[in-house]
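When you line the sequence shown up against mature numbering (1 follows the signal peptide of the UniProt record, and there is no 0), it's residues -18 to -1, 1 to 214, in that order. Note that CB positions come from ideal geometry on N, CA and C, so glycine has one too. Note that the structure is a prediction, hence the values are computed from the model and not measured. Since the structure comes first, as structure tokens, the remarks are kept for the end.
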Amino acid sequence: MKFSIGAFVLAATALATAHYTFPDFIANGQTSADWQYVRITANHYSNGPVTDVTSSALRCYELDSTSASQTQVASVAAGSTVGFKANSAVYHPGYLSVYMSAASGGANSASAATGASWFKVWEKLPTVQGSQLTSDTTYTQFSFAVPKSLPSGPYLIRAEQIALHSASSFGGAQFYIGCAQVNVTNGGSGSPSPLVSIPGVYTGKEPGIQLNIYNLPAGFTYPPPGPTIWHG
């Protein structure tokens, strides 16, 4: 069988453009350069997702053990608006959320945010239209507030989109992840909760992770997986 290099390049390009990453962090009214404050991910070239919820890649999907130390730390004030910008439209139907974790040892420590230290601060629910979930194909970035009562210190801010277009069977959901390194200033005395581990927060069988988005029951309301939001 003859192999076409051109066909291979086209196929590889199609694969890369079919998904997305979150390489840019938005803070203080400025959008960063790619991977300036976000740990470079293993899918920075392929854009491929994480599908195993038990994998350590679910935490920040780092390229390697040096991703943390080679990434800068952004200074953000508690209560300020920050965000992420994707490298293409986030068009797969799914659930978008943001987690944070205190970073013992510093935000640029590879061992930061291990164990039950993560809490959810924001979410964007998918749109239910008739018997299906639909996608918003227009947005490439999103913003949210750093909780005002969050104590000052180093943190990781983790963006996660769970794409559900192939989620009718176990392991079909696709996770797109990016972790920004920040130092929070002007913080308060709040106590974030509930705290969860990543990986460990999902089994992969939650009704918001394993579902057929093209054949939903009447009156369906999307059940967001993971912990409740801490608003601070």
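Over the uninterrupted alpha helix (DSSP H) stretch that includes alanine 141, give me the two end residues. First-last for alanine 141: 135 to 145, but that is the beta strand (DSSP E), not the alpha helix (DSSP H).
Taking only the alpha-carbon atoms, compute the straight-line gap between glutamine 163 and isoleucine 22 and give it to the nearest angstrom. Rounded to the nearest angstrom, the two C-alpha atoms are 11 Å apart.
Report the rounded CA-to-CA distance for threonine 203 versus alanine 89, giving the unit in angstroms. Rounded to whole angstroms, threonine 203 to alanine 89 spans 36 Å at the Cα level.
Distance between beta carbons of serine 125 and glycine 208, contact taken as under 8 Å: By a beta-carbon distance limit of 8 Å, glycine 208 does not contact serine 125. Their separation comes to about 20 Å.
Should the segment 62 to 73 be called in touch with the segment 4 to 24, which here means at least 3 C-beta pairs below 8 Å? By the criterion of at least three beta-carbon pairs nearer than 8 Å, the segment 62 to 73 is in contact with the segment 4 to 24.
Excluding the 5 residues preceding and the 5 following proline 181 in the sequence, name in chain order all residues of the same chain whose CB lies nearer than 7 Å to its CB. Beyond the five residues adjoining it in sequence on each side, proline 181 comes within less than 7 Å, by CB distance, of Val35, Thr36, Ser37, Ser38, Leu40, Arg41 in the same chain, given in chain order.
Applying the 10 Å Cβ sphere with the 16-neighbour rule, what's the burial state of threonine 48? Threonine 48 should be labelled exposed.
Would you report the Cα separation of asparagine 168 and methionine 82, rounded to the nearest angstrom? Looking at the backbone, the Cα of asparagine 168 and that of methionine 82 are separated by about 17 Å.
Coil, strand or helix - residue 217 by DSSP: Any question about residue 217 goes unanswered here, given that the chain covers just -18 to 214.
Let's test the definition: count the other Cβ atoms within 10 Å of the Cβ of alanine 200 and tell me whether it reaches 16, buried, or not, exposed. With fewer than 16 other Cβ atoms within 10 Å, it is exposed.
For my contact list, glutamine 143 and glycine 190 are in at a C-beta cut-off of 8 Å; report their separation, rounded to the angstrom. Under the criterion of beta carbons closer than 8 Å, glutamine 143 and glycine 190 do not qualify as touching, at roughly 13 Å.
CB-CB length for alanine 149 against glutamine 192, believed under 8 Å: 6 Å between Cβ atoms; contact.
Would alanine 165 and serine 91 qualify as a contact pair, given that the criterion is a beta-carbon distance under 8 Å? The residue you asked about is not alanine; residue 165 is asparagine in the sequence shown. No, Cβ-Cβ distance for asparagine 165 and serine 91 is not below 8 Å.
Indicate whether valine 20 and cysteine 161 have their beta-carbon atoms separated by less than 8 Å. Yes.
As assigned by DSSP and simplified to three states, the class of leucine 78: Of the three classes helix, strand and coil, the one that applies to leucine 78 here is strand, per DSSP.
Proline 133 vs serine 171 beta-carbon contact at 8 Å: Yes. Within cutoff.
If we call anything under 8 Å between Cβ atoms a contact, is tyrosine 73 one with asparagine 29? The answer is no: Cβ separation not under 8 Å.
Only counting the same chain, and skipping five residues up and downstream in sequence, which positions put a Cβ closer than 8 Å to that of leucine -4? Confidence at leucine -4 is low in this model, with a pLDDT of 40, below 50, so its placement is unreliable and the value that follows should be read with caution. Scanning its chain for C-beta atoms nearer than 8 Å, with the 5 sequence neighbours on each side dropped, one finds around leucine -4 the residues Ser28, Asn29, Gly30, in chain order.
On the criterion of 16 or more Cβ atoms from any shown chain inside 10 Å, does lysine 187 qualify as buried, or is it exposed? Under a 10 Å Cβ-count criterion, lysine 187 is classified as exposed, with fewer than 16 other Cβ atoms of the shown protein chains found around its own Cβ.
Is it right to say threonine 53 is buried, meaning 16 or more other beta carbons lie within 10 angstroms of its own, or is it exposed? The residue is buried, with at least 16 neighbouring Cβ atoms inside 10 Å.
Got a sec, what are the start and stop residues for the alpha helix (DSSP H) alanine 39 sits in? Boundaries of the alpha helix (DSSP H) around alanine 39: 39 to 42.
DSSP three-state label for alanine 9, please. Three-state result, alanine 9: strand.
Could you pull the DSSP bridge partners for lysine 102 from this structure? Paired residue(s): Tyr81, Ile211.
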